[in-house]
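Undergrad:
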Amino acid sequence: MRLLPHSDGRMQKILIKCLLVIVSFCNASRTVVATNGGVEVIIGLLSSCTNDTRRYLLEILSVLALRRDVRKALTRLRALHYVVEAASFGSIVSRERACQAIGLLGVTRQTRRVLVELGAIPVLVSLFRVGEHSTKLVAGNSLGVISAHVDYIRPVAQAGAIPLYAELLEGPDPSGKEIAEDVFCILAVAEANAVEIAGHLVRILREGNDEAKASAADVMWDLSGYKHSMSVVRDSGAIPILVELLESGSEDVKVNVSGAFAQLSYDGTDRMSLAEAGAIPILIDLMNDVDEVEELRDNATETLVNFYEDPLYHDRVSNAINVSSFRNMQNRLVHIRASNEHMARSLRRMSVEQLTWNPDVV
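Read in order, the letters of the sequence shown correspond to residues -28 to -1, 1 to 334 in mature numbering (1 follows the signal peptide of the UniProt record, and there is no 0).
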């Protein structure tokens, strides 16, 4: 390492390749390099190197950047652009390591902003698109970290990330499904993204296997909780498909669909769509089926309580009110609503008291 700054030509290239092999396969060697000025040496060489040895330097950097102390040094030395470059250039293994480092760096808001300004989003999306399965998982996860700030939700979607996450959701890997579900819930905060996501979910609900359908229904459940996304779910044409799955899908699919319906049933227009699609008799059957899982029955009952309290559907659900689970759910919802109203009043009163108590604020 001490020889590197004083070497050139073929000798320098041999030394760099030797260092790459050492740090790639020996964790103790990474510690030695990282704690003895190795990061500064590599950065110094990168700042002046334009030949084919640059690739090896970037690969060394991608290995070292998995260490926390090295990431701190790169931030301090304003050398994050080399990490972004390493993610876009070199072997796929090296690019994956750099991609992982970007995800770790992007946890802090200030560093995330710098990475975005350096072009990290298109680099990550590119790697997400062309990488092998493990690389896709790392790229998808790192991109999810970047998208966790409202300013970057639209740029991530505009770079073409949503179809790639849909592929993860359809894939066989549970980790990939989990990443896709989490990131979809972040990206759907923007209504335009929610519309695009819903389109992919509808396709998966039609064509996917049971696991993919369960994941898609789970995301629909989450989207149903966003005020702007309630109309998105309805307008996407998902409700008739979901009703069909509620009747004939797997247990996981049914649970997630019933959760989405429970959420949607708080809106009058969505209740109408559910009723028109034939959901009410299916929900009544599920509520009365003692062999179904408890969460599914609870979701079905909650949905029916909301239908019962709507004058348009009161009579159609009236036969269900004598079921004990229906009455229990009705009482539970009454208590929840009363508690929410009490909390809202308390918060309003607390705000007034704080303003009154502090004359400087007033």
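Ideal Cβ positions, reconstructed from N, Cα and C, are used throughout, including at glycine.
Since Ile158 contacts Ser203 with CB under 8 Å, what's their CB separation in whole angstroms?
TA: Wrong, their Cβ atoms sit about 20 Å apart, outside the cutoff.
Undergrad: In chain order, what residues of the same chain lie with their CB nearer than 8 Å to the CB of Leu136, ignoring the 5 residues before and after it?
TA: Val97, Phe100, Arg101, Lys108 and Gly112
Undergrad: Can you grab the Cα-Cα spacing for the pair Ala234 / Asn228, in whole Å?
TA: When rounded, the distance between both Cα atoms is 10 Å.
Undergrad: Where does Gly62 land, buried or exposed, given buried means 16+ other C-beta within 10 angstroms?
TA: Counting C-beta atoms within 10 angstroms of its own C-beta, Gly62 has 16 or more neighbours from the protein chains shown and is therefore classed as buried.
Undergrad: Ignore the nearest five residues each way along the sequence and tell me which others in Ile70's own chain have a CB closer than 6 Å to its CB.
TA: The sequence given here places Ala at residue 70; Ile does not occur at that position. Counting only Cβ-Cβ distances below 6 Å, and skipping sequence neighbours, we find Ser34, Val55, Ala58 and Ala59.
Undergrad: Going by DSSP in three states, Cys21 sits in which element: helix, strand or coil?
TA: coil
Undergrad: Taking Gly16 as the reference, give the member of His(-23), Ser237, Ile252 and Asp287 with the closest Cα.
TA: Nearest of His(-23), Ser237, Ile252 and Asp287 to Gly16, Cα basis: His(-23).
Undergrad: Can you list, in chain order, the stretches of the alpha helix (DSSP H) that have 4 or more residues and sit fully within the stretch 27 to 97?
TA: 40 to 48, 52 to 60, 64 to 77 and 81 to 89
Undergrad: Using only CA atoms, which one of Met192, Arg67 and Glu223 lies nearest to Asp182?
TA: Glu223
Undergrad: Do you know whose CA, among Pro253, Leu195, Lys199 and Ser196, lies nearest Leu218's CA?
TA: Pro253
Undergrad: Our contact map puts Gly180 next to Ala189 with C-beta atoms below 8 Å; I'd like the distance itself, whole angstroms only.
TA: Not really, about 10 Å apart at Cβ, beyond 8 Å.
Undergrad: How is the alpha helix (DSSP H) around Gly112 delimited, first residue to last?
TA: Where Gly112 is concerned, the enclosing alpha helix (DSSP H) stretches over His105 to Ile118.
Undergrad: Quick one: what does DSSP say Gly148 is sitting in, helix, strand or coil?
TA: helix
Undergrad: DSSP three-state call for Glu281: helix, strand or coil?
TA: coil
Undergrad: Report the option in Tyr124, Asn23 and Glu274 whose CA atom is closest to the CA atom of Lys(-16).
TA: When only C-alpha atoms are compared, the closest one is Asn23.
Undergrad: Which word fits Asn294, buried or exposed, when buried means at least 16 other C-beta atoms lie within 10 angstroms of its C-beta?
TA: Classification of Asn294: exposed, given that the 10 Å Cβ count is below 16.
Undergrad: Are at least three pairs of beta-carbons, each pair with one atom in the stretch 273 to 285 and one in the stretch 254 to 263, less than 8 Å apart?
TA: yes
Undergrad: At the level of alpha carbons, what is the spacing between Glu163 and Asn8?
TA: 50 Å
Undergrad: Whole angstroms is fine: what's the gap from residue 337's alpha carbon to Val65's?
TA: Any property of residue 337 remains undetermined from this structure, which presents the chain solely from -28 to 334.
Undergrad: Does DSSP put Leu319 in a helix, in a strand, or in coil?
TA: Confidence in Leu319 is poor, its pLDDT being 43 and thus under 50, which makes the residue's placement unreliable; the coordinate value appears in the next sentence. Helix at Leu319.
Undergrad: Could you name the residues of the same chain whose beta carbon sits closer than 6 Å to that of Gly78, not counting the 5 residues immediately before and after it, in chain order?
TA: Arg84, Leu87, Val117 and Ile118
Undergrad: Tell me which residue opens and which closes the alpha helix (DSSP H) that Asn(-2) is part of.
TA: Asn(-2) to Thr7
Undergrad: May I have the straight-line CA-CA distance separating Arg(-27) from Asp(-21), to the nearest angstrom?
TA: 13 Å
Undergrad: Does the Cβ-Cβ distance between Ala37 and Ala73 come in under 8 Å?
TA: yes
Undergrad: Is Arg50 buried or exposed, if buried means 16 or more other CB atoms sit within 10 Å of its CB?
TA: Here Arg50 is exposed. Its C-beta has fewer than 16 other C-beta atoms within 10 Å.
Undergrad: Are the CB atoms of His105 and Ile134 within a distance shorter than 8 Å?
TA: No; because the gap between Cβ atoms is not below 8 Å, this pair is not in contact.
Undergrad: So, is Met(-18) buried or exposed, given that buried needs 16 or more other C-beta atoms within 10 angstroms?
TA: exposed
Undergrad: Between Ile125 and the rest of its own chain, which residues show a CB-CB distance below 8 Å, the 5 nearest in sequence each way excluded?
TA: Ser119, Ile158, Leu159, Val161, Ala162 and Asn165
Undergrad: Can you tell which of Arg206, Ala251 and Ile213 has the C-alpha that lies nearest to the C-alpha of Thr241?
TA: Arg206
Undergrad: Under three-state DSSP, which class holds Leu136?
TA: helix
Undergrad: Buried or exposed for Asp270, please, with buried defined as at least 16 other CB atoms from any protein chain shown within 10 angstroms of its CB.
TA: buried
Undergrad: Between the C-alpha atoms of Arg27 and Val(-8), what's the straight-line distance to the nearest angstrom?
TA: 13 Å
Undergrad: Leaving aside the five residues before and after Val174 along the sequence, list all residues of the same chain whose C-beta is less than 7 Å from its C-beta, in chain order.
TA: Once the five neighbours on either side are set aside, the close Cβ partners of Val174 are Ser208, Gly209, Ala210 and Ile213.
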